[in-house]
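One structure below.
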Amino acid sequence: MNAERLPTAEDMRAYGARLAARLRPGDLVVLSGPLGAGKTTLVQGIAEGLKVRGPITSPTFVIARVHPSLRQGPPLVHADAYRLGGDLEVDDLDLDASLEESVTVVEWGEGLVEGLSEDRLEIHIDRETGDDARVVTLRGVGARWSGETA
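The opening residue of the sequence shown carries number 84 in this note's numbering; numbering runs sequentially from there.
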């Protein structure tokens with residue numbers, strides 16, 4: 084695992100765009116961190132890097148949105164598991180139906196969506212006290228991401 088300090092929201096979006104360059108269809112990205120940590124801001128950067136149709140907003144009340152590619156790339160499935168009560172509700176989202184052809188990013192997915200794929204990126208975002216900086220820790224799981232750190 085490797086941690087990176089990102090001082091501003093713009094740095095978070097740029098980090099997401101850099102990360103998008105390494106993502107491909109079938110990838111699952113699981114985001115965790117406290118409210119206001121910057122999970123949606125990171126997804127905005129990923130979306131920018133993937134060149135998908137926006138706008139990218141928190142899917143908290145919609146639960147999941149599909150953002151089609153604007154350039155023949157994979158669509159982005161952006162989901163939010165914050166309001167989900169457990170595995171059965173995750174199954175109802177049917178995320179595994181689009182997993183192979185999409186890049187799937189799930190906010191608040193820790194402990195709920197790991198069963199969707201043996202290979203995934205787990206990204207934890209923490210806020211630093213006293214300023215707007217965030218610390219992003221990336222952990223690769225499975226053969227696809229073995230040894231992967233940001």
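Glycine included, C-beta positions come from ideal geometry on N, C-alpha and C.
Rounded to a whole number of angstroms, what is the C-alpha to C-alpha distance between residue i and residue j?
i: residue 102; j: residue 159; result: 13 Å
i: residue 215; j: residue 88; result: 11 Å
i: residue 129; j: residue 96; result: 7 Å
i: residue 205; j: residue 222; result: 5 Å
i: residue 99; j: residue 125; result: 5 Å
i: residue 146; j: residue 163; result: 5 Å
Could you check what DSSP says for residue i in three-state terms: helix, strand or coil?
i: residue 195; result: coil
i: residue 212; result: coil
i: residue 108; result: coil
i: residue 137; result: coil
i: residue 87; result: strand
i: residue 129; result: helix
i: residue 154; result: coil
Just reading off the beta strand (DSSP E) that residue i is part of, what are its end residues?
i: residue 190; result: 186–190
My understanding is that residue i touches residue j, with C-beta atoms under 8 Å, so please give their C-beta distance in whole angstroms.
i: residue 185; j: residue 108; result: 6 Å
i: residue 228; j: residue 202; result: 6 Å
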